[in-house]
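First comes the structure, then the notes that go with it.
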Amino acid sequence: MLKKIAFAAVLVQVAALSALLTQTFLLASTPTQAASVRGEPVVAVTASECAKATWPDIPVQCLERVEARVQ
3 MLKKIAFAAV
13 LVQVAALSAL
23 LTQTFLLAST
33 PTQAASVRGE
43 PVVAVTASEC
53 AKATWPDIPV
63 QCLERVEARV
73 Q
């Protein structure tokens with residue numbers, strides 16, 4: 003009787019390990035998940051909005067540096 007219980011416990015452990023390995027290696031679709039990531043939408047900022055922008059809420063598009071004109 004004790005041998006049957008021990009054998010059943012070993013089978014349960016093997017089944018659990020098998021399920022864990024299957025879930026980890028076969029069903030984990032990391033490349034698929036990485037490919038389906040969506041970026042943030044680009045917001046169009048007008049010149050008047052850049053003029054009204056105050057620190058720290060200045061859009062990135064308003065922070066572009068402009069080279070000085072050489073005469």
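Per the working numbering, residue 3 is the first one in the sequence shown, and the count goes up by one each step. Backbone N, C-alpha and C define an ideal beta-carbon position, used for all residues, glycine too.
With a threshold of 6 Å on Cβ separation, who are the neighbours of residue i within its own chain once the five nearest residues in sequence on each side are excluded?
i	result
C52	C64
A55	C64
E66	none
L19	none
DSSP state of residue i, grouped into three classes?
i	result
E66	coil
T56	coil
V14	helix
A46	coil
Please report the straight-line C-alpha distance between residue i and residue j, rounded to a whole angstrom.
i	j	result
D59	V72	31 Å
T48	V62	12 Å
M3	A11	13 Å
A21	Q15	10 Å
K5	A17	18 Å
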